[in-house]
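First up is the structure itself, then whatever we jot down about it.
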Amino acid sequence: MRGQRAGHVITLSSSAGLIGQEFCVAYAASKFAVEGWMESLRYDVEPYNIRTTVVEPGFFRTELLVDASSSRNSQTSSAISSQTRYIARK
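Mapping the sequence shown onto the numbering used here, position 69 (from 1) lands on 69, and the numbers just tick up by one.
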């Protein structure tokens, strides 16, 4: 981007990077860091006509913390085992 003297750095963050909440300490800290990094990076890359943007999507429900999402089902485990055996034979 510096060589072509143009570009756009886009980083995904979270509203947790703007407002801390309980039980989210590590997550909020990482998002605050992303926000600060991008705010500071802006001044370093601006002379090269490179822009920065931080995207903070709104809340949406995921299954990240659901028990089933952190344990592998038998299909996934057998598929991984098969691939591991295949790679090991090569």
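C-beta atoms are modelled at their ideal positions from N, C-alpha and C, and glycine is treated no differently.
The bridge partners DSSP lists for Leu12 are Val55. By the Cβ neighbour-count rule, Ala28 is buried, with 16 or more other Cβ atoms within 10 Å of its own. Remark: C-beta atoms of Gly3 and Ile50 do not approach each other more closely than 7 angstroms. If you ignore the 5 residues before and after Ser15, its C-beta comes within less than 6 angstroms of the C-beta of Glu56, all in its own chain and listed in chain order. As computed with DSSP, Gly7 is found in a beta bridge with Ile50.
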